[in-house]
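Data first, discussion second: the structure below is written as structure tokens.
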Amino acid sequence: MFVRNAWYCAGWDYMVTQGRNSIVARQLAGERVVLYRKPSGEIVAMEDRCPHRQAALSLGAKEGDSLRCMYHGMKFGPDGQCTEVPGQASIPARACTRVFPVVERDNWIWVWMGVAEKADVALIPFAIGPGDPAWRIKTSHMHVDANYRLEIANLADLSHLAWVHQKSLGGDDAETRHQYTHIKSKVTTGERAIRTEYLIRAVPPPNFLRHLFPAEARFDLSFDITHTLPCTWVLHFQAFVANGASEGAPTGALIADTYTCQAVVPNNADSVEYYFSWGSRADLEFPGLSDLLRDVLDIAFLEDRHVLEAQHIRMKEKPNFPMVSILHDAGPSRMLRLLDEVLAGEAGSAFRPADTEAALT
Amino acid sequence: MFVRNAWYCAGWDYMVTQGRNSIVARQLAGERVVLYRKPSGEIVAMEDRCPHRQAALSLGAKEGDSLRCMYHGMKFGPDGQCTEVPGQASIPARACTRVFPVVERDNWIWVWMGVAEKADVALIPFAIGPGDPAWRIKTSHMHVDANYRLEIANLADLSHLAWVHQKSLGGDDAETRHQYTHIKSKVTTGERAIRTEYLIRAVPPPNFLRHLFPAEARFDLSFDITHTLPCTWVLHFQAFVANGASEGAPTGALIADTYTCQAVVPNNADSVEYYFSWGSRADLEFPGLSDLLRDVLDIAFLEDRHVLEAQHIRMKEKPNFPMVSILHDAGPSRMLRLLDEVLAGEAGSAFRPADTEAALT
Amino acid sequence: MFVRNAWYCAGWDYMVTQGRNSIVARQLAGERVVLYRKPSGEIVAMEDRCPHRQAALSLGAKEGDSLRCMYHGMKFGPDGQCTEVPGQASIPARACTRVFPVVERDNWIWVWMGVAEKADVALIPFAIGPGDPAWRIKTSHMHVDANYRLEIANLADLSHLAWVHQKSLGGDDAETRHQYTHIKSKVTTGERAIRTEYLIRAVPPPNFLRHLFPAEARFDLSFDITHTLPCTWVLHFQAFVANGASEGAPTGALIADTYTCQAVVPNNADSVEYYFSWGSRADLEFPGLSDLLRDVLDIAFLEDRHVLEAQHIRMKEKPNFPMVSILHDAGPSRMLRLLDEVLAGEAGSAFRPADTEAALT
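Top to bottom, those sequences are chains A, B and C. Going by the numbering used here, 259 is the number at position 241 of the first sequence; the sequence numbering is gapless. Going by the numbering used here, 65 is the number at position 47 of the second sequence; the sequence numbering is gapless. Going by the numbering used here, 84 is the number at position 66 of the third sequence; the sequence numbering is gapless.
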């Protein structure tokens, strides 16, 4: 159900501090994980489960580089090895907790949930973080009670901006709807990622920006999306003043150059944590712009959540419901197929396309 | 578990309006149903599940006679047929959602959950609605977390007015208790309904009316109940001043002539929606009477809910608990047997009386 | 899962009064039980389930010595026998509800959940109740969402005072930690109980008392614990001024002589009710002392609850997680083994030590 040999986002770096009580519990791909920072600043990620009697290590206490379980006082080094059992001299051989490789990059915390030896930093997706001085990236977070496959499908096809997000990211006018539902994109498929590039020409601004422009304003919008397994989604979004050109790269004035970076993290089969950001290139920022971008995502992802949670309930009610496919499924199908190929590879079984169809899409 | 070829009540007509956002989600006999009105006023009932990826159509938008799924914009006519898939010219053959026959009658919305061709308006139970000018019917609604068989059993025997409703519809005095527990009724069994008629003579007024009368006031109360499958319950209730007659129809002054109409609708195996009303004949109404009748049902059905929800929990805990039968089970048994005969008929299996005993009563 | 032939605590005696509405619902070892007092003062305990249709008798009404089900008015004597079915002359032979032996002792209500003939008051554990004039015992109560085996393990090893309760019952200083994790105790195992006696010498006062003494104050603490199946835990706790003796009974001044009596009662596999008390010997009481003792247990058991509820969730997630044992498991293992021996005896099967290891510890 979950790819094991992959980096999972455990949130923004500011969520794990040097505070005495900053011992953070997460569920990542079904596993309980506890995170804390060593005095050096490095983050340690361990299974949040004492090897003694499964007490939560996230209720424990930091001691230097170590974490002490506060049920019976067993102390674990940052390598997961038990170094002290109060009241006895010897340490049982199996007294260690699983440690997961951790990397911080672009202000995201990445945890490798598979075989430690296979952890490959080259697999961490490219992103622009809030700490990058060249950009004004603003961050947020949301919990959604839906399977992560539904989030993948949602992100892999932006035609829903015309419907789900008609009041926010998209629009309810005929031009916007036509454009967003007739996108021609260039798709490049990698081993674990799909890049999708396209241009939407001469559309009105998205609804959340419409009050800032005259009614006749039209823009060329450029999308360059990289969607990486399990589910990181990075969009380089640019807006140009439309100047009537219908071919080639936009030549109008560049009025917005932005990045939005989004990580959807399955807690388990029924919910995800969603860590996302949006912001402008620093030299094109003006007061309030990047904050506005982040704010509209808070609104838009509540719109998605409403839809996905109802969909999740219905999919669980009728797992064998015969679903109908449409052209807009191309993106979701590509991405879910990539996921299923990796899952089949990890399971040592042959990938069967029908499984993607049958699974919770 | 649910009779399929039957009309299920989806609420009062005023619950589905012409408002832009009046797109109403229901669960009827286990199925998700969405209801909306066409501009003509007619109600459409569809499965609340887009044939594409099971998004909730109840989160959609009305467009003329149609309902548009607001996930990917697929539009469905009132016949359930998809008429538009934004972004593509052709409509997949299977792109339609199930439509259910709907009838409005007596201000109730009735949805046929079985084979459409078998929908027979003659099966809609008789009722008096709040819109009937000859009556002053007042309406209400309640959710109950109990299986609908428990509600059927509750409604099919009113001896519980002496106990559950001692402070409201019944009484805690010896006269009331004796009378309500020694009812002799005339029972007429139809194919899908049971009619029960009886007279309770010379009882004090029910507790909720007792403050309006002197202590010695006694009344003859006439009950004429029609209980129809799956679970509609209509009572014509009349009160006459008691004049000592112990045989024949009451001859005292008629001081109240009322109808209460009640529909219990299974959402699923664990809960029901309860749509109910009570009111006086218009020419016998006096200020506040019909409102009082409706108000006491709100109180009384909370009393029932308390009992039925605790019973539901216990029945799930011990499904094989050997239950003891008493004389007052006659009514519930008749009605549940009728239900089980229809269920067996739909399942194409022979009806076995033991099943009624064994099932969640 | 639960010992049947055992006394289970149904709470403090003051929880079941002569009030009209004092009809108390409990879940004891998985069974629904209703308790009420007869006018004579004696408590009756019945299965909280009407033999007719499983209505909750706890929603019923007291009538003299009897309890009337307020659904259809069936009346049950204190022997559980139905004595009246309103509306019919004969009583069905099987119309009786199970009655459980009840004993009040030390202000606790004890209910025997097994074969009535085997009920043996000699099995009721010794305790000091709040009504004992020689003591100033104060009472409290808490609900915990954890399996009772986790509570047994928690109570059978007090080394966790150094960790879980470092801010309350124990301490976070090196002396306290060392002492509490190097206890040498005298253990006496009975058929259904284990007695554990030990002395902790020359420790600082527990954290919740530290503000009352100078920093250099040290005490000898004497523990005499009797832990009885299913889970009653009685501690005679005494504090003496430390006078440097390192062998034999304490000879310093006795400054506190107290009893804490605790009953952990499984509702079902996933939760317990916890009835507990603490208080001083009357002649050593000073204003506020016994109230302080009760108050610190309210705080300390919230600390335990936090730990045990997280542990319970993790144990259910990974029932086959290979757990590591430490020296401090000696106490818990002894007590859980005793439990499993009695369970095996009741099941008529041979006790296998491995089962204790494998079960929810």
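All residues carry an ideal CB built from backbone N, CA and C; glycine is no exception.
Please classify residue i as buried or exposed, where buried requires at least 16 other C-beta atoms within 10 Å of its C-beta.
| i | result |
| --- | --- |
| threonine 379 of chain B | Interpretation of threonine 379 of chain B is limited by its pLDDT of 47, a score under 50 that renders its predicted location unreliable; no figure is taken from the coordinates. |
| methionine 2 of chain C | The structure shown has nothing for residue 2 of chain C, since chain C only spans 19 to 379. |
| threonine 278 of chain C | buried |
| isoleucine 317 of chain B | exposed |
| glutamate 234 of chain A | exposed |
| arginine 112 of chain A | exposed |
| valine 139 of chain B | exposed |
| lysine 80 of chain B | buried |
Does residue i come within less than 8 angstroms of chain B when only Cβ atoms are used?
| i | result |
| --- | --- |
| proline 284 of chain C | no |
| alanine 164 of chain A | no |
| asparagine 23 of chain A | no |
| leucine 77 of chain C | yes |
| threonine 379 of chain A | Residue confidence is low: threonine 379 of chain A scores 47 on pLDDT, short of 50, so the model does not pin down where it sits. No coordinate-derived value is stated. |
Report the three-state DSSP secondary structure of residue i (helix, strand or coil).
| i | result |
| --- | --- |
| tryptophan 30 of chain B | strand |
| glycine 366 of chain B | coil |
| alanine 180 of chain B | helix |
| histidine 324 of chain A | helix |
| threonine 194 of chain A | helix |
| aspartate 275 of chain C | strand |
| leucine 46 of chain C | strand |
| threonine 379 of chain C | Low local confidence applies: a pLDDT of 46 at threonine 379 of chain C is under 50, so the model's placement there is unreliable, and no value is given. |
| glutamate 169 of chain B | helix |
| phenylalanine 380 of chain B | Residue 380 of chain B is absent from the model: chain B starts at 19 and stops at 379. |
| lysine 204 of chain B | strand |
| glutamine 329 of chain A | helix |
| lysine 80 of chain B | strand |
| isoleucine 61 of chain B | strand |
Name the chain B residues whose beta carbon is nearer than 7 angstroms to that of residue i?
| i | result |
| --- | --- |
| alanine 348 of chain A | Those do not exist, as alanine 348 of chain A stays about 10 angstroms from chain B at its closest Cβ, beyond 7 angstroms. |
Examine the ligand ZN and report whether any of its heavy atoms sits within less than 7 angstroms of the Cβ of residue i.
| i | result |
| --- | --- |
| phenylalanine 319 of chain C | The model depicted lacks the ligand ZN and carries no ligand whatsoever. |
Which residues in chain B have a C-beta closer than 9 angstroms to the C-beta of residue i? List them in chain order.
| i | result |
| --- | --- |
| lysine 56 of chain A | Chain B residues near lysine 56 of chain A: none, gap ~45 angstroms exceeds 9 angstroms. |
| alanine 113 of chain C | Val342 and Ile344 |
Anything in chain C within Cβ reach of residue i, meaning under 8 angstroms, just list it in chain order.
| i | result |
| --- | --- |
| arginine 154 of chain A | What arginine 154 of chain A touches in chain C: nothing, since even the nearest Cβ is about 39 angstroms away. |
| glutamine 329 of chain B | Arg71, Gln72, Ala73, Ala74 and Tyr89 |
| proline 110 of chain A | Val342, Ser343 and Ile344 |
Is residue i close to chain A, meaning its C-beta is less than 8 angstroms from at least one C-beta of that chain?
| i | result |
| --- | --- |
| serine 343 of chain C | yes |
| histidine 229 of chain C | no |
| phenylalanine 339 of chain C | yes |
| alanine 180 of chain C | yes |
| arginine 195 of chain C | yes |
| arginine 116 of chain B | no |
| lysine 336 of chain C | yes |
With a threshold of 8 angstroms between beta carbons, is residue i in contact with chain C?
| i | result |
| --- | --- |
| valine 325 of chain B | yes |
| arginine 352 of chain B | no |
| arginine 50 of chain A | yes |
| arginine 44 of chain A | no |
Residue i versus chain A: which residues are under 7 angstroms apart at the beta carbon?
| i | result |
| --- | --- |
| glutamine 106 of chain B | Ile344 and Leu345 |
Taking Cβ-Cβ distances shorter than 8 angstroms, what residues in chain A pair up with residue i?
| i | result |
| --- | --- |
| serine 177 of chain C | His90, Gly91, Pro104 and Gly105 |
| histidine 200 of chain C | Gly105 |
Can you pull the chain C residues whose beta carbon is under 7 angstroms from the beta carbon of residue i, in chain order?
| i | result |
| --- | --- |
| arginine 38 of chain A | None at all; the shortest Cβ gap to chain C is about 12 angstroms. |
| arginine 332 of chain B | Arg50, Arg67, Gln72 and Ala74 |
Note to self: Three Cβ pairs or more, each shorter than 8 angstroms: is that satisfied between the region 246–255 of chain C and the region 228–236 of chain C?
What the structure shows: no
Validate contact between the region 294–312 of chain C and the region 29–49 of chain A using beta carbons, cut 8 angstroms, 3 pairs:
No: the two stretches stay apart, fewer than three of their Cβ pairs being nearer than 8 angstroms.
Taking contact to mean 3 or more Cβ pairs, one atom from each stretch, closer than 8 angstroms, check whether the region 22–36 of chain C and the region 118–134 of chain C are in contact. yes
Practice task
Check whether the region 171–181 of chain A touches the region 91–111 of chain B, taking contact to mean three or more Cβ pairs, one atom from each stretch, closer than 8 angstroms.
Solution key: yes
Just checking, does the region 42–55 of chain A make contact with the region 63–75 of chain A on the three C-beta pairs under 8 angstroms criterion? Result yes; three or more Cβ-Cβ pairs closer than 8 angstroms.
task: Could you say if the region 115–124 of chain B and the region 52–65 of chain B meet the contact criterion of at least three C-beta pairs nearer than 8 angstroms?
output: yes
| field | contact_flag[the region 154–169 of chain B, the region 326–342 of chain B] where n(CB pairs < 8 angstroms) is 3 or more | value | yes
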